[in-house]
Amino acid sequence: VLLKGHFADPPILLGPRVYEGAPGVNLIQPFIRSPSSPASQPSTVLVNRGFITTTRAQAIRQGSEKAPPPLGKRQGEEIVIEGMLKTPEDKGMFTPDNKVASNEWYWMDLDEMTRVAGADGKRMQPVIVDEIFGMPFLPHNSPDQLPTCPFSQTENRCPECSWLRAFMSAVHPSSSSSTSGSPRVSI
Numbered sequence: 172v173l174l175k176g177h178f179a180d181p182p183i184l185l186g187p188r189v190y191e192g193a194p195g196v197n198l199i200q201p202f203i204r205s206p207s208s209p210a211s212q213p214s215t216v217l218v219n220r221g222f223i224t225t226t227r228a229q230a231i232r233q234g235s236e237k238a239p240p241p242l243g244k245r246q247g248e249e250i251v252i253e254g255m256l257k258t259p260e261d262k263g264m265f266t267p268d269n270k271v272a273s274n275e276w277y278w279m280d281l282d283e284m285t286r287v288a289g290a291d292g293k294r295m296q297p298v299i300v301d302e303i304f305g306m307p308f309l310p311h312n313s314p315d316q317l318p319t320c321p322f323s324q325t326e327n328r329c330p331e332c333s334w335l336r337a338f339m340s341a342v343h344p345s346s347s348s349s350t351s352g353s354p355r356v357s358i
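Numbering (this note's numbering), first residue to last: 172 to 358.
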């Protein structure tokens, strides 16, 4: 699916997760869709933005840091993202209960996440989309064209971004590669 709009608060932190040996969580945020016409009202869906480290998640929980904006964008700036609709997962037998008050989510309770994310009057749809990173929206679809990570002292090497360079290298081995016109559905 293609979504046009902007990310909003509150962030929802789903974990624990591990990426390349680093502990962390998945960052889920409400995404307020741009109205399709001047007469229509925007609706909001949840978007799984992917992995962030435990350190960043703790800073978000404590309020000392906000959820990071998309690379190269400012908070609240309108963007277009590509994603896949996700089927919510059931709670496992040994999975602990979510601790909603402290933003500790162990399983994807879509009804409760929708309630929490829409508490300030957003028109929430009970839908979650896994964001697909880096496809046609990066300059030249080339790993050597990726922006420098704003959260890392070394170019694109923090755990949140290093996967993107590896993914783009695998998908587009040369900078002359182009993305074919794959079918997309806009919701």
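Every residue gets a Cβ at the ideal spot worked out from N, C-alpha and C, and that includes glycine.
Residue of the options minimising C-alpha distance to residue i
{"i": "residue 238", "options": "193, 299, 300 and 178", "result": "178"}
{"i": "residue 246", "options": "196, 182 and 188", "result": "182"}
{"i": "residue 225", "options": "298, 300 and 188", "result": "188"}
{"i": "residue 255", "options": "273, 276 and 220", "result": "220"}
{"i": "residue 215", "options": "303, 274, 269 and 180", "result": "180"}
{"i": "residue 274", "options": "293, 248 and 230", "result": "230"}
{"i": "residue 232", "options": "184, 176 and 282", "result": "184"}
{"i": "residue 217", "options": "223, 208 and 198", "result": "198"}
{"i": "residue 299", "options": "190, 200 and 293", "result": "200"}
{"i": "residue 277", "options": "288, 248 and 195", "result": "195"}
{"i": "residue 176", "options": "269, 250 and 227", "result": "250"}
Where residue i falls, given that 16 or more other Cβ within 10 Å makes a residue buried
{"i": "residue 265", "result": "exposed"}
{"i": "residue 280", "result": "buried"}
{"i": "residue 227", "result": "buried"}
{"i": "residue 209", "result": "exposed"}
Nearest-angstrom Cα separation, counted from residue j out to residue i
{"i": "residue 192", "j": "residue 242", "result": "23 Å"}
{"i": "residue 295", "j": "residue 258", "result": "17 Å"}
{"i": "residue 186", "j": "residue 203", "result": "23 Å"}
{"i": "residue 261", "j": "residue 284", "result": "13 Å"}
{"i": "residue 223", "j": "residue 190", "result": "9 Å"}
{"i": "residue 292", "j": "residue 268", "result": "26 Å"}
{"i": "residue 287", "j": "residue 234", "result": "17 Å"}
{"i": "residue 282", "j": "residue 297", "result": "7 Å"}
{"i": "residue 369", "j": "residue 236", "result": "This structure cannot speak to residue 369, because the chain is shown only from 172 to 358."}
Bounding residues of the alpha helix (DSSP H) (the contiguous stretch that carries residue i)
{"i": "residue 295", "result": "Unbroken run through residue 295 is the beta strand (DSSP E), 295 to 303; no alpha helix (DSSP H)."}
{"i": "residue 284", "result": "281 to 288"}
Beta-carbon contacts of residue i that lie in its chain and below 8 Å, excluding the five residues immediately before and after
{"i": "residue 206", "result": "212 and 213"}
{"i": "residue 263", "result": "278"}
Limits of the unbroken beta strand (DSSP E) element including residue i
{"i": "residue 216", "result": "215 to 224"}
{"i": "residue 407", "result": "There is no way to answer for residue 407, as the model of the chain reaches only from 172 to 358."}
{"i": "residue 251", "result": "250 to 257"}
{"i": "residue 175", "result": "173 to 178"}
{"i": "residue 187", "result": "183 to 190"}
Residues near residue i by beta carbon distance below 7 Å, same chain, minus five either side
{"i": "residue 357", "result": "Only weak support exists for where residue 357 lies, its pLDDT of 40 falling under 50; the value from the coordinates is given anyway. Only 172 and 173 meet the Cβ criterion."}
Own chain, CB closer than 6 Å to residue i, minus 5 neighbours either side, in chain order
{"i": "residue 252", "result": "174 and 302"}
{"i": "residue 240", "result": "246"}
{"i": "residue 308", "result": "Reliability fails at residue 308, whose pLDDT of 37 lies under 50, so the model's placement of it is uncertain and no value is given."}
{"i": "residue 289", "result": "295"}
Distance cut-off 8 Å: residue i Cβ against heavy atoms of the ligand ATP
{"i": "residue 220", "result": "Ligands in the displayed structure: none, and consequently the ligand ATP is not present."}
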